[in-house]
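Participant: Counting in this note's numbering, the sequence shown runs from 1 upward without gaps.
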Amino acid sequence: MKKFAYTTILFLLLSTVSCKTDKNKEEDSKVTTEMETKNEWITLFDGKTTKGWRAYNGQELPPGWIAKDEELQFDTELGKEQDYTGGTDIIYGAEEFDNFELYVEWKLPKGGNSGIFYHLKEGYDSPPEVSPEYQLIDDENYASMHDLTSYNLSLGYTNKPEELKPLQQTASDYAMHAADPNGKVLNPAGEWNTTKIIFTPEQVEHWLNGKKVVSFVPWDEAWYEKKNSDKWKNSKDYGKFKTGYIGFQDHSSPIWFRNIKIKKL
């Protein structure tokens with residue numbers, strides 16, 4: 001009788017341990033799966049089609065934006081800065097993102113200009129009104145090919161207004177945080193560059209060709225001071241959204257993108 005009771009108790013104990021072990025394994029597996037999903041790259045461009053991409057504030061992809069040679073291209077003639085009145089910017093409209101790591105490869109022609117938007121919301125006249133922008137531009141040749149004087153004077157840049165300013169150069173958080181020139185490597189026009197943008201509420205980073213060139217804390221006192229003292233002081237919704245679309249700018253310039261992917265953080 002005692003032997004039977006002992007055997008029964010031992011069986012129940014082993015069953016309980018086994019159930020707990022199985023449950024722990026299930027929980028561990030669930031956590032691992034969630035972590036793997038969280039760390040997976042999401043491809044935003046398949047190299048063959050423009051699936052997922054459309055016009056900002058629109059339903060279709062604007063003319064000129066095409067998938068060709070495994071690249072997302074904007075096929076147009078180079079326009080002059082002094083003639084620019086806005087373009088047909090595009091967004092990846094399939095999903096919004098909050099905290100992320102974005103990776104993009106891109107190249108511009110001589111005198112080219114574009115940008116990468118994030119936390120972009122629709123319903124505004126243009127993306128720059130509301131979205132932070134990772135600037136893409138031909139630092140070396142832009143000022144010699146375009147007339148920047150009128151635009152820079154309108155921003156209060158009275159000293160050498162014909163020059164491309166640090167806040168306007170590649171990898172800068174446009175008109176907010178200038179890219180650090182120390183160690184910055186920008187390949188010449190016509191050659192491929194790599195961009196990485198990391199966004200979390202604790203820190204934002206802009207990378208160019210493997211070098212971190214911008215780092216700041218979003219929405220802290222220093223951020224608001226910058227926002228309210230320069231170009232965006234009259235744009236009440238600029239940079240305030242904590243989630244939104246990824247977008248590319250049409251700034252009257254050909255542009256080529258490839259290997260566009262994002263990871264949720």
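Quick reminder that beta carbons are idealized off the backbone N, C-alpha and C, glycines included.
1) Quick check: the Cα distance between L108 and E191, rounded to an integer number of angstroms?
2) For P166 and K264, what's the separation of their Cα atoms in angstroms?
3) With distances taken Cα to Cα, identify the nearest neighbour of D237 among V104, L120, T88 and V185.
4) Whether or not the region 73-87 and the region 244-258 are in contact is what I'm after, with contact meaning three or more pairs of Cβ atoms, one per stretch, closer than 8 Å; do they touch?
5) When DSSP builds the beta bridges, which residues end up paired with Y245?
6) Using 9 Å as the threshold, is the C-beta distance between E140 and T149 below it?
7) Do S131 and G58 come within 9 Å of each other at the CB atom, strictly closer than that value?
8) So, at 6 Å on beta carbons, what are the nonlocal neighbours of L72 in its own chain, with the 5 sequence-adjacent residues on each side left out?
9) Can you give me the Cβ contacts of K227 inside the same chain, cut-off strictly under 8 Å, excluding the 5 residues immediately before and after it?
10) Need the endpoints of the alpha helix (DSSP H) that K261 sits in, please.
Facilitator: According to the structure shown:
1) The straight-line gap from Cα to Cα measures roughly 8 Å.
2) K264 has its alpha-carbon roughly 30 Å from the corresponding atom of P166.
3) Comparing alpha-carbon positions, the option among V104, L120, T88 and V185 lying closest to D237 turns out to be L120.
4) These segments touch.
5) DSSP output for Y245 lists L120 as bridge partner(s).
6) No, they are not a contact pair.
7) No, the pair does not count as a contact, with Cβ atoms beyond the cut-off.
8) Within the same chain, and ignoring the five residues on either side of L72 in sequence, the residues whose Cβ sits closer than 6 Å to its Cβ are F45 and F257.
9) The beta carbon of K227 sits closer than 8 Å to those of M176, K233, Y238 and G239, all from its chain and outside the five residues before and after it, given in chain order.
10) Where K261 is concerned, there is no enclosing alpha helix (DSSP H), although the beta strand (DSSP E) it sits in stretches over I255 to K264.
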